[in-house]
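Chains as they are written, first to last, in the UniProt record's numbering: chain A, 1 to 418; chain B, 1 to 418.
All residues carry an ideal CB built from backbone N, CA and C; glycine is no exception.
Keep in mind it's a predicted model, so treat the numbers as computed, not measured.
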């Protein structure tokens, strides 16, 4: 099956960041042609008045909680954690499965073609991802055995999950660690051994809150990033979510160790845990920064357009410098950088890349006028889910003409989400 | 002409903030019934799986600049101002008219039923508002005669504009002042005289940037709000945009004088001018706080859902307190408080109020599940323009089934916007 997209403004996100009006051919699950020549295919998509861009990659989520929106709002962090803990400890497989499907449909609707998840019960979430067909990097969360509500040893559970899902079409299994506040050195080491044994990422929360940093210093004599560096856990396999409370010294350690960072500004802001990581310093030190939404429990939406805009302007404001965090840099984080973190052959519109692409409708007033000169700016600052016209994942159409294929809201209206 | 809306979750925004499933009847341009009884009308709208709420009111915009998105991004404030000044000084009537129409269609698409504008050439913008049918509170901007590029005396221009537009169906004319940095006491006094003579609002920029405050202190020996209070300009007619750099003493002055504040967080953040006004203190002192988008030049979108969410979480983060700025308080600012500032008989779904209402589609994944308990939270934290199904202004349908009536994007594709 081939798809020909003609006459679109192509935001390639290639090494030159070329933006031009042209045509793209998808053959099977790969991009076969990008350029000015006419293209033909089994399915023809008219790209006139549309912007073609790589699919957005959400590098930190907990999709099993997607139906929890509005349950934990406007309360302090301790109350939030207490409420989510109670919610999580009492969940059914059906609830997790339905919530995960809901979140995946939301992400596809919003132009997200791949995401990274951190949760227990990733086997259930994997089933949802395979059924829907979205690229799911699923990290089974581990923590100290004596602190978990998981049945059995979390690290063994993670290994079973990875072993059972290696080689799946859509699911890429991996291991996670909840965070330094519930994982000792041994748990971190066992998780990293697992990541190295199976060649996966190690996905973790890191330096999200002040309390986490203070407690680590008190207990370990070191800040969280310093400590994980010193015990040899930090390397290029690590995808570290948040990293809000990193010192410049720690930024250099992240850089030296090749750690990938997932920046989750909306969640950090909404929880009041301190929202502004040292992103400009990370960029200066060539840390690979990506962007995540976090869950519907703390963000209330899985919207990477919103995350891109808010991330950009939060730093501009905090540093009193509007020239920081340029639209192009932000779009790189949400596409190219994320693909690099996941070693995914995607993140740009180039020949040979996986066909994970999005078409934005530029006929909606918020995107008028759109042209080659302002296309990147309009993606980052003016777009929202209403602009997402077409979503293609692995060469398959998942949303077209604004309609999410296979999604029927009535199947969720009375569903069990708990 | 009457409209009957049945079986919707009604977020009334009445004094009790009642939220319940029920029916609404609109007769002519007023709400005639709200409750549980069956309703009938010339037009029947099925509200099942929809949330009915008052139309959003955007209290600070410059819609004549709506086509300028992507032109002034990622540069420091001085460069931004230089670029916008050059852009503005060279505009045609056609460009302003087309840009204004574009911005009004964008706002209707996004669930905004009324807005407040600050610009010169409001006579052109008034024509666009009357043609499209959106409630437009248009403030002709004044400044010192020797500093303006307007032809003639700005205050006289404002008076002519007001005189020519009193009593219009959609347009409510008023007077504005650009700001203390280009307006001396005499200009402020003449503008206020005009507002009192014609019973209009006085709409101004106030304490938006640090430079504005420093320069005022240097020149006048007082901070901007203090100074305007001391020369008798501040009263309940005033709608003051920004007020970022207000001290607690100044907050008390705003409260004492009954000034209405328009909070424009996204624009303030994106320009790096300091984004967090003392909103909790304003609320404590009963200042009437409302929310604005500012222009597409500095915000790049006219999206009050985005503005509500960013405004809420920016304060939560800044004050390290997630319990501040509750969803209900934020929704009040965007509806009830704004109507109060404008003395507009709207802002809630109640019998006798103007029929400015919006229906949100809750069948989109981002709004599932929505029920009476989380409806307000979902409006503020989970909704975006894609949820705006129906918009009714003054009893007339302006958007239905997600389609903006009368809007044809091809009329804008090659339009002259400059």
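If you check each beta-carbon in the region 62 to 94 of chain A against every beta-carbon of chain B, the ones closer than 9 Å belong to 66, 67, 69, 70, 71, 73, 74, 75, 76, 77, 79, 80. Neighbours of residue 363 of chain A across chain B, judged by C-beta separation under 7 Å: 409. Setting aside the 5 residues that flank it on each side, residue 297 of chain A is surrounded in the same chain by 65, 68, 72, 84, each with a C-beta closer than 6 Å to its C-beta; the list follows chain order. By the C-beta density criterion, residue 60 of chain A is buried, having at least 16 other C-beta atoms within 10 angstroms.
Contact check for residue 215 of chain B against residue 236 of chain B fails: the beta carbons are separated by 9 Å or more. For residue 319 of chain B, the nearest CB of chain A lies under 9 Å from its own CB, placing it at the interface with that chain. Per the DSSP secondary-structure output, residue 396 of chain B pairs in a beta bridge with B:393.
Under the Cβ distance rule, residue 7 of chain B does not count among the residues neighbouring chain A, no pair being separated by less than 9 Å. Approximately 14 Å separates the beta-carbon atoms of residue 177 of chain B and residue 162 of chain B; this is outside 8 Å, ruling out the contact. Along the region 162 to 221 of chain A, the beta strand (DSSP E) occurs as fully enclosed runs of 3 or more residues at 171 to 177, 202 to 206, listed in sequence order. Per the C-alpha coordinates, the member of B:153, B:159, B:112, B:145 positioned closest to residue 136 of chain B is B:112.
For chain A, the residues of the region 93 to 123 of chain B that bring a beta carbon within less than 8 Å of one of its beta carbons are 102, 103, 105, 106, 109, 110, in chain order. Contact between the region 36 to 54 of chain A and the region 73 to 82 of chain A is not established, with fewer than three Cβ pairs separated by less than 8 Å. Leaving aside the five residues that flank residue 358 of chain A on each side, the residues in its chain whose CB is nearer than 6 Å to its CB run, in chain order, 53, 55, 111, 391. Residue range 30 to 35 is occupied by the beta strand (DSSP E) that includes residue 35 of chain B. Taking a C-beta cut-off of 9 Å against chain B, the contacting residues of the region 368 to 401 of chain A are 368, 369, 370, 371, 373, 374, 375, 376, 377, 378, 380, 381, 382, 383, 384, 385, 386, 387, 388, listed in chain order.
Residue 408 of chain A sits in coil when the DSSP states are folded into three classes, being neither helix nor strand. Scanning chain A for C-beta atoms nearer than 9 Å to the C-beta of residue 326 of chain B yields 73, 74, reported in chain order. Taking all protein chains shown into account, residue 78 of chain A has fewer than 16 neighbouring C-beta atoms within 10 Å of its C-beta and is therefore exposed.
At a cut-off of 9 Å between beta carbons, residue 125 of chain B makes no contact with chain A. Near chain B, meaning a CB-to-CB distance below 8 Å, the residues of the region 258 to 272 of chain A are 266, 268, 269, 270, 271, 272. Note: residue 403 of chain A is bridge-paired with A:400 in the DSSP secondary-structure output. In the assembly as shown, residue 386 of chain A is a buried residue. Its beta-carbon has 16 or more other beta-carbons within 10 Å. In the three-state reduction of the DSSP assignment, residue 134 of chain B falls in the coil class. Separation of residue 254 of chain A and residue 377 of chain A (C-alpha to C-alpha, rounded to the nearest whole angstrom) is 29 Å.
Three or more beta-carbon pairs drawn from the region 228 to 246 of chain B and the region 190 to 204 of chain B are found closer than 8 Å, and the two stretches are therefore classed as touching.
For residue 306 of chain A, the chain B residues whose Cβ falls inside 9 Å of its Cβ are 306, 309, 310, 384, in order along the chain. Counted as a single uninterrupted DSSP element, the beta strand (DSSP E) harbouring residue 260 of chain A occupies residues 260 to 263. Residue contact with chain B for residue 366 of chain A: present (Cβ-Cβ distance below 9 Å to some residue of chain B).
The beta carbon of residue 27 of chain A lies closer than 6 Å to those of 2 in the same chain, with the five residues before and after it left out.
Taking 9 Å as the threshold, the shortest C-beta distance from residue 256 of chain A to chain B does not fall below it. In this structure, the CA atom of residue 326 of chain A is about 45 Å from the CA atom of residue 5 of chain B.
Contact between the region 338 to 346 of chain B and the region 405 to 413 of chain A is not established, with fewer than three Cβ pairs separated by less than 8 Å.
Measuring C-alpha to C-alpha distances from residue 157 of chain A to each of A:127, A:171, A:119 identifies A:119 as the nearest. When DSSP states are grouped into helix, strand and coil, residue 296 of chain B belongs to the coil group.
Any Cβ of chain B closer than 9 Å to the Cβ of residue 56 of chain A would place that residue at the interface, and such an atom is absent.
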